[in-house]
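Asks:
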Amino acid sequence: MPSTSSQSVAGAARERPKPPNPVAEAAEQQWLFTEEELLHTPSIEDGMKPEQEREMRYKGMTFIWQVGAMLKLPQLTLSTAGVFLNRFITRNSLVSKDGFKALHHYQIAATSLFLATKVEENCRKMKELVVACCRVAQKNPNLLVDEQTKDYWRWRDTILFNEDVLLEAICFDLTVESPHKLLFDMLIYFRVEHDKRLRNASWSFINDSNLTTCCLMFNSRTIAAAALYCGARLCSVGFPDEDGKPWWEIQHVRLRDILRCCNYMCAAYENTPPSKGSESIYVGLRTPEDADPLYAQTRLRTSQTPLSPAASSVGMERSSSQQSVKRSRDEAFRREEPEPAAPANGSRRPEASEPPKDEPDSKRAKRETNGTSAGEAPAAEETKKASADEDLSEEGEVEE
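The structure is reproduced here in structure tokens:
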């Protein structure tokens, strides 16, 4: 039998997810763009091809991952740094012009990681960050970097100087909702957090989404739901409906957005050559965006459909019907009960409020409330009179 603490934890885990905060959702909505808008970024307007800009984003995120692995930073910090990187490239050009020297994507990535360590409160020493950036940039993990070297001071000055440039580009908006936390909350709600294969697959899908521009097209909740959807399809896991609603409506996400996000992640990996002859896991995850929700592969439909009433209302209807049946039976029994026959002489039937006439002594004795019979009452009165006569006689003797 589980303990009280485990029961309370289980009850808290099944609490219905609350809708997103409207203030935070509106702030995040300002950084979401359509595919057409992403084809008109400053870099593309300056002559860079969309494929080349996508490659710059990919290399910048890979740089963040490699530096973060050396510094042993958590995945939440790396994800936040990737969001800062993509937002900066969306508002600033990577093409150098006359009198303007654009920043290298490695420089933007290093500055984004430095700012993310402060935001997520996972700070590292400046020396450790600079040394890791030097080693990753030169592709030499064993490079000896001293504080007196030229590369050290060049990277250090670049990060500190471009921090203000990055803050201005992202409008000092440092609030980033991580999809990793939302994914873990979903796993706990559906009680599959101990499914290691599903958990690792969904987590990997979120990490792969950082290599794309999903953070600029979908909110964090949609990315988390899309990662869970891909992981569930890969592991052949389904989630049952609740009150006739599918699992994505319970998480306040639309199925169309989930499918669009999954297809966008798949499109980014279609041109990637498979490693060691193995087929990419994204090949079988592409789904039409207009798929019927009733046939979603991750949905386990129950007998209760959206058109059927809830369980509580069914119980109420059943109890009311039982009450009506019982009431009808009582009325029928009253109709069938025979009424007493009227007197033959045509006299009036005595009412219940009238006292009975010529009632036997035995019945009259039962109606006494003091517990005494009708025959004992006159005897008590005679004893009282006798005692009163004795008192009068005693008083007369005293007077004589």
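First residue of the sequence shown? That's 1 in the UniProt record's numbering, and the numbers climb one at a time after it. Glycine included, each C-beta is placed from N, C-alpha and C at the ideal position. These numbers were taken from a predicted model, which means no experiment stands behind them.
Would you report the Cα separation of residue 236 and residue 298, rounded to the nearest angstrom?
Replies: Their backbone Cα atoms lie some 8 Å apart in a straight line.
Asks: Starting from the C-beta of residue 92, find all residues in its chain whose C-beta is less than 7 Å away, skip the five residues before and the five after it, and write them out in chain order.
Replies: Around residue 92: 42, 169.
Asks: What does the alpha-carbon distance come out to for the pair residue 226 and residue 161?
Replies: Rounded to whole angstroms, residue 226 to residue 161 spans 37 Å at the Cα level.
Asks: Residue 253 and residue 221 - do their beta-carbons sit closer together than 9 Å?
Replies: Going by C-beta atoms, residue 221 is nearer than 9 Å to residue 253.
Asks: Taking the alpha-carbon of residue 26 as reference, which of 110, 59, 120, 173 has the nearest alpha-carbon?
Replies: Considering only alpha carbons, the answer is 173.
Asks: What are the residues that DSSP puts in a beta bridge with residue 245?
Replies: Answer by DSSP bridge pairing, in chain order: 242.
Asks: I'd like to confirm the pairing. Which residues does DSSP put opposite residue 97 in its beta bridges?
Replies: According to DSSP, residue 97 bridges with 100.
Asks: Please report the residue range of the alpha helix (DSSP H) in which residue 171 lies.
Replies: Neither: residue 171 is in no alpha helix (DSSP H) and is coded neither H nor E.
Asks: Rounded to the nearest angstrom, how far is the Cβ of residue 61 from that of residue 94, given a contact under 8 Å?
Replies: That pair is no contact at about 14 Å.
Asks: I'd like to check one pair, residue 155 with residue 123: are the Cβ atoms closer than 9 Å?
Replies: Cβ distance not < 9 Å, so residue 123 and residue 155 don't count as in contact.
Asks: In chain order, what residues of the same chain lie with their CB nearer than 7 Å to the CB of residue 177, ignoring the 5 residues before and after it?
Replies: Cβ neighbours of residue 177 beyond the five flanking positions: 24, 28, 220.
Asks: Quick check: the segment 136 to 144 against the segment 64 to 75, are there 3 or more CB pairs under 8 Å?
Replies: A contact exists between the segment 136 to 144 and the segment 64 to 75.
Asks: If you follow the alpha helix (DSSP H) that residue 63 is in, where does it begin and where does it stop?
Replies: Looking at the DSSP string, the run of the alpha helix (DSSP H) that includes residue 63 is 50 to 71.
Asks: Ignoring anything shorter than 4 residues, give me the alpha helix (DSSP H) runs that lie fully in the UniProt domain "Cyclin-like" (181 to 267), in order along the chain.
Replies: Listed in chain order, the complete alpha helix (DSSP H) runs (minimum 4 residues) inside the UniProt domain "Cyclin-like" (181 to 267) are 196 to 209, 220 to 235, 247 to 250.
Asks: To which residues of the same chain is residue 159 closer than 6 Å at the C-beta, ignoring the five residues directly before and after it?
Replies: 110, 111, 114, listed in sequence order.
Asks: Can you check whether the CB of residue 214 is closer than 9 Å to the CB of residue 261?
Replies: Contact: yes.
Asks: For residue 239 versus residue 32, is the C-beta spacing smaller than 9 Å?
Replies: No, the pair does not count as a contact, with Cβ atoms beyond the cut-off.
Asks: Anyone know if the C-beta pair for residue 229 and residue 248 falls short of 9 Å?
Replies: Their beta carbons are under 9 Å apart, which means residue 229 touches residue 248 by this criterion.
Asks: Apply the 10 Å Cβ neighbour rule to residue 353 and answer buried if 16 or more other Cβ atoms are within range, or exposed otherwise.
Replies: Unreliable placement is indicated for residue 353, whose pLDDT of 46 sits below 50; no coordinate value is reported for it.
Asks: Taking all protein chains shown into account, do 16 or more other C-beta atoms lie within 10 angstroms of the C-beta of residue 186, making it buried, or fewer, making it exposed?
Replies: Residue 186 should be labelled buried.
Asks: Under a Cβ-count criterion, where at least 16 other Cβ atoms within 10 Å of its own Cβ denotes burial, should residue 166 be classed as buried or exposed?
Replies: Burial call: buried.
Asks: Under DSSP, the alpha helix (DSSP H) around residue 105 begins and ends at which residues?
Replies: 105 to 119 is the extent of the alpha helix (DSSP H) around residue 105.
Asks: Among the candidates 246, 152, 175, 108, whose CA atom is the shortest distance from the CA of residue 21?
Replies: Of 246, 152, 175, 108, the residue nearest in Cα terms is 175.
Asks: Within 10 angstroms of its Cβ, does residue 86 collect 16 or more other Cβ (buried), or is it exposed?
Replies: By the 10 Å Cβ count, residue 86 comes out buried.
Asks: Between the Cα of residue 183 and those of 50, 34, 105, 223, spot the shortest distance and give me the residue it belongs to.
Replies: Comparing Cα positions, the closest option is 223.
Asks: If you count every other CB in all the chains shown that lies within 10 Å of the CB of residue 306, and 16 or more means buried, which is it?
Replies: Residue confidence for residue 306 is low, a pLDDT of 48 falling below 50, so the modelled location carries little weight; the figure read from the coordinates is stated next. Its Cβ having fewer than 16 others within 10 Å, residue 306 is exposed.
Asks: For residue 80, which residues of its own chain have a beta-carbon under 8 Å away from its beta-carbon, when the five flanking residues on both sides are left out?
Replies: Answer for residue 80: 116, 119, 120, 176, 178, listed in chain order.
Asks: Are the CB atoms of residue 231 and residue 190 nearer to each other than 9 Å?
Replies: In this structure, residue 190 does not lie closer than 9 Å to residue 231 by Cβ.
Asks: When you compare only the Cα positions, how much space is there between residue 313 and residue 255?
Replies: Any answer about residue 313 is weak, because its pLDDT of 36 lies below 50 and its placement is not dependable; what the coordinates show is given next. Rounded to the nearest angstrom, the two C-alpha atoms are 28 Å apart.
Asks: Return the chain-ordered list of same chain residues with a C-beta closer than 8 Å to the C-beta of residue 129, the five sequence neighbours on each side being excluded.
Replies: Closer than 8 Å at Cβ, skipping near neighbours: 67, 71, 110, 113, 114, 117, 159.
Asks: State buried or exposed for residue 146, treating a residue as buried only when at least 16 other CB atoms are found within 10 Å of its CB.
Replies: Classification for residue 146: exposed.
Asks: Which residues bound the alpha helix (DSSP H) around residue 75?
Replies: Per DSSP, residue 75 belongs to the alpha helix (DSSP H) from 75 to 91.
Asks: Below 8 Å on the Cβ atoms is my contact criterion, and I expect residue 64 with residue 53 to pass it. Report the Cβ-Cβ distance as a whole number of Å.
Replies: Wrong, their Cβ atoms sit about 17 Å apart, outside the cutoff.
Asks: Do you know how far the Cα of residue 88 is from the Cα of residue 144?
Replies: If I take the Cα positions, the gap works out to 31 Å.
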